[in-house]
Every structure is written in structure tokens, then in C-alpha cells.
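Colleague: Have a look at this one.
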Amino acid sequence: MRSPTPMQVSVERQEGLERTLKIDVPPERIDNAVAERLNELRKNVRLDGFRQGKVPYRVVRDRFGPQVRQEVLSEVIQATLQEAVSRHELQPAGSPQIDTPELDGDSGGVSYRATFEVYPAVELGPIADLAVERPVAEVTEGDIDQMIETLQAQRRQFEEVDRPAQQGPARGHPGRRDARNRGDVPG
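Its first residue numbered 212, the sequence shown is counted upward by one per residue in my numbering.
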């Protein structure tokens with residue numbers, strides 16, 4: 212048995228941070244994935260004239276082959292793109308733009324290009340000479356009291372009581388008292 216043909220990847224540097232990957236996927240990878248998917252489908256498909264799980268592979272391939280091949284191609288393109296990016300240690304800064312895949316009619320493989328921008332390489336200088344100042348914050352009693360008052364005001368809840376209003380400081384309003392408040396204004 213032959214060893215499978217490896218995926219071919221070439222990286223082209225474009226202008227600035229743009230990179231283009233040209234990826235050639237061998238036909239064995241696609242054919243194996245299609246055959247595996249058709250075998251899974253064969254176990255579950257219901258067709259007139261056949262019991263479930265007993266449909267011949269050839270019938271499933273003829274009926275569902277093109278649709279399954281499209282699904283597999285889409286999945287293989289995503290998987291091979293991830294493999295190529297990690298193999299070449301690239302860090303895409305966004306979603307790649309994938310050109311329309313070219314199907315190689317002779318071999319059954321697929322070739323496509325993926326273009327994307329990468330994060331710029333950052334080179335760190337010597338860090339031994341850097342000095343770091345640690346800020347010191349002083350907290351006074353006044354700051355603590357102010358924060359406690361703020362928290363109390365935020366969490367204050369008013370409750371309704373089942374009794375009439377009573378005479379006392381909580382009943383009136385905090386504004387000025389004048390003739391209108393005392394009831395001395397003729398009405």
C-alpha cells in the first residue's frame with residue numbers, strides 16, 4: 212500500500228502583512244473522506260426497495276455522491292487551511308479570503324489560494340534596563356466614610372408602612388418653611 216501524498220503548501224509574501232497560501236490537497240484525502248461519509252450515510256439512509264442499512268454502496272454513491280463531495284470539499288478546505296497555517300506558524304489577523312477551489316480533473320485533487328493578513332512580528336528589546344514604579348495609594352478615614360455613605364445610599368430600600376404618618380423629622384420635607392407650608396395662605 213502506498214503512503215498518502217502529502218498536502219503541498221507554498222507561502223507567498225504580498226505587500227505589507229498580507230500572505231497568500233497556495234494549497235494543493237491530494238485526491239486520496241478527498242476520496243477517503245467521501246468514501247467514509249458515504250459509508251456512514253449508507254448505514255442510515257432509507258430508500259424504497261431496500262432495508263435500512265442494506266442499500267448498496269454504489270446506489271448511495273450514485274444518488275448522494277455529488278452532494279457529499281461538495282460537503283467534504285468544504286470541510287477539507289477548512290481543515291487543510293488550519294493545518295497549513297499552523298505548519299508555517301502564521302497568525303492570521305482576520306478571516307482568510309479563499310479563492311474558488313480549482314478541481315484537478317486528472318487526479319481528483321483540489322487546489323486553492325487563501326489570502327489573509329498576519330499580525331506583525333514584535334521584537335522586544337532588553338528588558339533588564341526597564342524600571343517599574345509602583346503607585347502608592349493612600350486611603351484616609353474620610354475616603355472610607357465617604358465610600359460607606361455611598362454604598363448605603365445605593366442599597367437603601369424604602370418600605371411601605373400600614374400606619375398613618377407621625378409627627379417628627381421624617382414627615383416634613385427638607386426645604387424652607389413659609390406661609391404655604393403652614394397653611395396660612397388663604398385658599
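All residues carry an ideal CB built from backbone N, CA and C; glycine is no exception.
All values reported here derive from a predicted model rather than from experimental measurement.
My output table needs one value for Asp259: the three-state DSSP class, helix, strand or coil.
Modeller: Asp259: coil per DSSP, three-state reduction.
Colleague: Thr231 and Arg324 look like a contact to me (Cβ under 8 Å); what is the Cβ gap, rounded to whole Å?
Modeller: The pair is a contact, with the Cβ atoms about 6 Å apart (cut-off 8 Å).
Colleague: State the Cα-Cα distance for the pair Gly383 and Arg367, rounded to the nearest angstrom.
Modeller: Confidence is the limiting factor: at Gly383 the pLDDT is only 49, short of 50, which leaves the residue's position unreliable, though a coordinate-based value still follows. If I take the Cα positions, the gap works out to 19 Å.
Colleague: For a test of the three-state rule: what should DSSP assign to Arg248, helix, strand or coil?
Modeller: Reduced to three states, the DSSP call for Arg248 is helix.
Colleague: Alpha carbons only, please: which of Glu229, Val372, Gly227, Arg269 is nearest the one belonging to Ala246?
Modeller: Checking every option, the nearest Cα to that of Ala246 belongs to Arg269.
Colleague: Which of the three DSSP states, helix, strand or coil, is assigned to Met212?
Modeller: A caution first: Met212 carries a pLDDT of 46, below 50, which makes its placement in the model unreliable, though a value can still be read off. Correct three-state label for Met212: coil.
Colleague: Roughly how many angstroms lie between the CA atoms of Ser306 and Ala348, to the nearest whole one?
Modeller: Rounded to the nearest angstrom, the two C-alpha atoms are 44 Å apart.
Colleague: Considering only their Cβ atoms, is the gap separating Asp242 from Ser322 smaller than 8 Å?
Modeller: No, the Cβ-Cβ distance between Ser322 and Asp242 is not below 8 Å.
Colleague: For Lys265, does the count of other Cβ atoms within 10 angstroms reach 16, so buried, or fall short, so exposed?
Modeller: It counts as exposed.
Colleague: By Cβ distance, which residues of its chain are closer than 6 Å to Glu313, with the 5 residues on each side in sequence left out?
Modeller: The residues are Ser322.
Colleague: Considering only the beta carbon of each residue, do Val271 and Leu284 sit closer than 8 Å?
Modeller: Cβ distance not < 8 Å, so Val271 and Leu284 don't count as in contact.
Colleague: In this structure, how does DSSP classify Val279 when only helix, strand and coil are distinguished?
Modeller: Val279: helix per DSSP, three-state reduction.
Colleague: Can you list, in chain order, the residues of its chain whose CB lies under 7 Å from that of Ser221, leaving out five sequence neighbours each side?
Modeller: Closer than 7 Å at the Cβ level, and outside the excluded window around Ser221, lie Lys233.
Colleague: Quick check: what's the CA-CA separation for Phe275 versus Leu249?
Modeller: Each residue's alpha carbon lies about 8 Å from the other.
Colleague: Can you give the beta carbon distance from Tyr330 to Ala304, rounded, assuming they're within the 8 Å contact cut?
Modeller: Contact flag correct, Cβ pair sits at about 5 Å.
Colleague: Put Leu314 into one of helix, strand or coil per three-state DSSP.
Modeller: In the structure shown, Leu314 sits in a strand (DSSP, three-state: E or B).
Colleague: CA-CA distance, Phe327 and Asp340?
Modeller: In a straight line, the C-alpha of Phe327 is about 37 Å away from that of Asp340.
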